[in-house]
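> Have a look at the structure that comes next, please.
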Amino acid sequence: MIQPLPVIEPMPYPADAIPALQAEIRELAADRDAIVIAHNYQRPEVQDVAHFVGDSLGLSRRAAAASESIIVFCGVHFMAETAKVLAPTKTVLLPNLAAGCSLADTITAEEVRGWRRDFPDHVAVGYVNTTAAVKAELDYCCTSGNVLDVIDAIPADRGILFLPDMFLGAHVRRMRPDRDVEVWMGECHVHAGIDVDALQIARDGNPGAEVLVHPECGCASRLLYRMADGDLAPDGIHIASTEGMINLARELPADTFIVATETGIIHRMQQEAPGKRFVPADRRAECAYMKTITLIDLRDALRHEQYMIDVPEEIRARAQLAIERMVALGA
Ligand code: 13P
Ligand code: SF4
Numbered sequence: 004m005i006q007p008l009p010v011i012e013p014m015p016y017p018a019d020a021i022p023a024l025q026a027e028i029r030e031l032a033a034d035r036d037a038i039v040i041a042h043n044y045q046r047p048e049v050q051d052v053a054h055f056v057g058d059s060l061g062l063s064r065r066a067a068a069a070s071e072s073i074i075v076f077c078g079v080h081f082m083a084e085t086a087k088v089l090a091p092t093k094t095v096l097l098p099n100l101a102a103g104c105s106l107a108d109t110i111t112a113e114e115v116r117g118w119r120r121d122f123p124d125h126v127a128v129g130y131v132n133t134t135a136a137v138k139a140e141l142d143y144c145c146t147s148g149n150v151l152d153v154i155d156a157i158p159a160d161r162g163i164l165f166l167p168d169m170f171l172g173a174h175v176r177r178m179r180p181d182r183d184v185e186v187w188m189g190e191c192h193v194h195a196g197i198d199v200d201a202l203q204i205a206r207d208g209n210p211g212a213e214v215l216v217h218p219e220c221g222c223a224s225r226l227l228y229r230m231a232d233g234d235l236a237p238d239g240i241h242i243a244s245t246e247g248m249i250n251l252a253r254e255l256p257a258d259t260f261i262v263a264t265e266t267g268i269i270h271r272m273q274q275e276a277p278g279k280r281f282v283p284a285d286r287r288a289e290c291a292y293m294k295t296i297t298l299i300d301l302r303d304a305l306r307h308e309q310y311m312i313d314v315p316e317e318i319r320a321r322a323q324l325a326i327e328r329m330v331a332l333g334a
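Put into structure tokens, the structure is as follows:
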């Protein structure tokens with residue numbers, strides 16, 4: 004079901020109320036034997052109270068390894084489902100059910116089954132931004148970091164159905180031109196809106212800056228084309244997952260970085276690489292789904308054990324298989 008896009012509320016509490024809310028959340032989490040984990044795009048005050056902050060797969064793995072019995076997942080719905088798939092005995096809570104994902108919503112399990120009927124000999128590969136029901140229909144799951152390893156692990160004579168992100172799919176086609184890859188025309192509204200020209204303007208205004216690009220970006224595949232055509236210098240452009248971008252911000256010696264993804268990640272970059280400058284490629288790149296979760300939602304999730312995420316066992320077991328194949332290939 005396609006979730007309506009929520010409106011991003013300005014901070015729903017005064018700044019001076021934040022420390023008390025965070026203290027209450029920490030206390031409730033300890034009382035309830037809960038761990039709070041948050042995605043790199045969450046509101047800064049939610050990231051700051053979480054026990055662990057990371058990218059979507061890293062969070063699900065952290066959830067699976069947790070000793071606590073309750074996992075409060077401050078991220079979007081498909082991520083909380085992935086945590087439940089990997090940690091079926093834990094209680095997984097999503098503090099706000101409006102936290103959907105426009106990319107995951109571009110394809111249903113029924114549509115995957117129909118596509119597979121049209122291409123019965125193709126192998127189905129899906130990005131982690133999919134529902135558990137869609138993952139259950141896949142042969143392999145992949146991340147932006149290991150997509151090419153997954154493609155290379157599939158026998159060369161087999162065609163591939165790649166879903167749901169068309170920009171990541173275009174990247175795969177470009178990098179593996181000999182493979183027969185059908186691409187689902189899905190996109191994330193936030194990343195599709197980040198424009199290669201806006202990025203070039205930011206680059207012109209910040210000579211010497213390194214450019215960090217998420218592979219879902221509308222600009223990512225166009226950047227790759229323009230680099231391959233020789234009309235864009237590839238020096239200083241890095242395409243990586245959210246966690247990969249944070250690692251690069253920490254490790255590269257540059258003092259200025261242009262960041263082409265959801266702007267919430269800059270809060271974490273500033274903490275991990277203090278003293279460096281981070282310039283968003285597009286200031287409007289905010290994910291309204293990610294920003295639905297507030298400290299009040301998080302507190303109420305702990306108070307009332309809401310909202311519980313469940314995945315039927317038959318779907319869970321098949322989705323787990325696709326995820327495990329991805330993990331075996333070094334994700
Ligand atoms: P990561 O898996 O890189 O954290 O990205 C998730 C996402 O939703 C990107 O928009
Ligand atoms: Fe989904 Fe895009 Fe939001 Fe990521 S940024 S959670 S892909 S809508």
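Position 221, counted from 1, in the sequence shown is what this note's numbering calls 224; the numbers after and before it change by one each time, with no gaps.
Glycine residues also receive a C-beta, built at the ideal position from the N, C-alpha and C atoms.
The structure displayed is predicted, hence computed values, not measured ones.
1) Please classify phenylalanine 165: is it buried, with 16 or more other beta-carbons within 10 angstroms of its beta-carbon, or exposed?
2) Where does the unbroken beta strand (DSSP E) through histidine 270 begin, and where does it stop?
3) Could you please go through the chain and list the residues whose beta-carbon is closer than 7 Å to any non-hydrogen atom of the ligand SF4?
4) DSSP beta-bridge partners for glycine 208?
5) Can you name the start and end residues of the alpha helix (DSSP H) that proline 123 belongs to?
6) Restricting to runs no shorter than 3 residues, where is the beta strand (DSSP E) found entirely within the region 23-83?
7) Under the DSSP definition of a beta bridge, which residues are partnered with glycine 278?
8) Measuring CA to CA, which of His270, His80, Gln25 and Gly208 is closest to serine 105?
9) Could you check whether the Cβ of aspartate 313 sits closer than 7 Å to any heavy atom belonging to the ligand 13P?
10) What is the rounded straight-line gap between the Cα of threonine 297 and the Cα of isoleucine 21?
11) Could you give the residue range of the alpha helix (DSSP H) that holds histidine 336?
12) Cutting at 8 Å between CB atoms, please list the residues of its own chain near alanine 325, excluding the five before and the five after it.
13) For arginine 225 versus valine 199, is the C-beta distance shorter than 8 Å?
14) What does the alpha-carbon distance come out to for the pair threonine 92 and alanine 212?
15) Glutamate 185: which of His174, Ala257, His194 and Val193 sits nearest, CA to CA?
16) Whole angstroms are fine: how far does the CA of histidine 192 sit from the CA of valine 126?
17) To the nearest angstrom, how far is it from the Cα of tryptophan 65 to the Cα of alanine 304?
18) With 16 other CB atoms within 10 Å as the buried threshold, where does proline 218 fall?
19) For a test of your reading of the model: does the CB of histidine 174 fall under 7 Å from any non-hydrogen atom of the ligand 13P? Yes or no.
20) In three-state terms, what does DSSP make of aspartate 183?
21) For the putative contact between glutamine 45 and methionine 293, defined by C-beta atoms under 8 Å, what is the C-beta separation to the nearest angstrom?
22) Tell me which residues share the same chain as threonine 111 and place their Cβ nearer than 6 Å to its Cβ, disregarding the 5 neighbours each side in the sequence.
23) Please look up how many angstroms separate the CB atoms of threonine 133 and proline 167, rounded, as I've assumed it's under 8 Å.
24) Can you give the Cα-Cα distance for alanine 107 and isoleucine 268, rounded to whole angstroms?
25) Kindly indicate the opening and closing residues of the alpha helix (DSSP H) around threonine 245.
26) Answer with buried or exposed for valine 49, where buried requires no fewer than 16 other C-beta atoms within 10 angstroms of its C-beta.
27) Tell whether a beta-carbon distance below 8 Å holds between glutamine 274 and phenylalanine 281.
Inspection of the coordinates gives the following:
1) buried
2) Histidine 270 -> not in any beta strand (DSSP E); alpha helix (DSSP H) instead, spanning 268-275.
3) Tyr44, Val79, Cys104, Ser105, Leu106, Ala107, Asn132, Cys191, His192, Val193, His194, Glu219, Glu265, Cys290, Tyr292 and Met293
4) Glycine 208 is not bridged to any residue.
5) Where proline 123 is concerned, there is no enclosing alpha helix (DSSP H), given that its DSSP letter is neither H nor E.
6) 37-42, 55-57 and 73-77
7) Looking at the DSSP assignment, glycine 278 forms no beta bridge with any residue, so it has no partner.
8) His80
9) no
10) 11 Å
11) Residue 336 falls outside the range modelled here, since the chain spans only 4 to 334, and no answer is possible.
12) Gly129, Lys138, Ala139, Leu141, Asp142, Tyr143 and Cys144
13) yes
14) 46 Å
15) His174
16) 27 Å
17) The sequence given here places arginine at residue 65; tryptophan does not occur at that position. When rounded, the distance between both Cα atoms is 19 Å.
18) buried
19) no
20) coil
21) 6 Å
22) none
23) 6 Å
24) 20 Å
25) 245-254
26) buried
27) no
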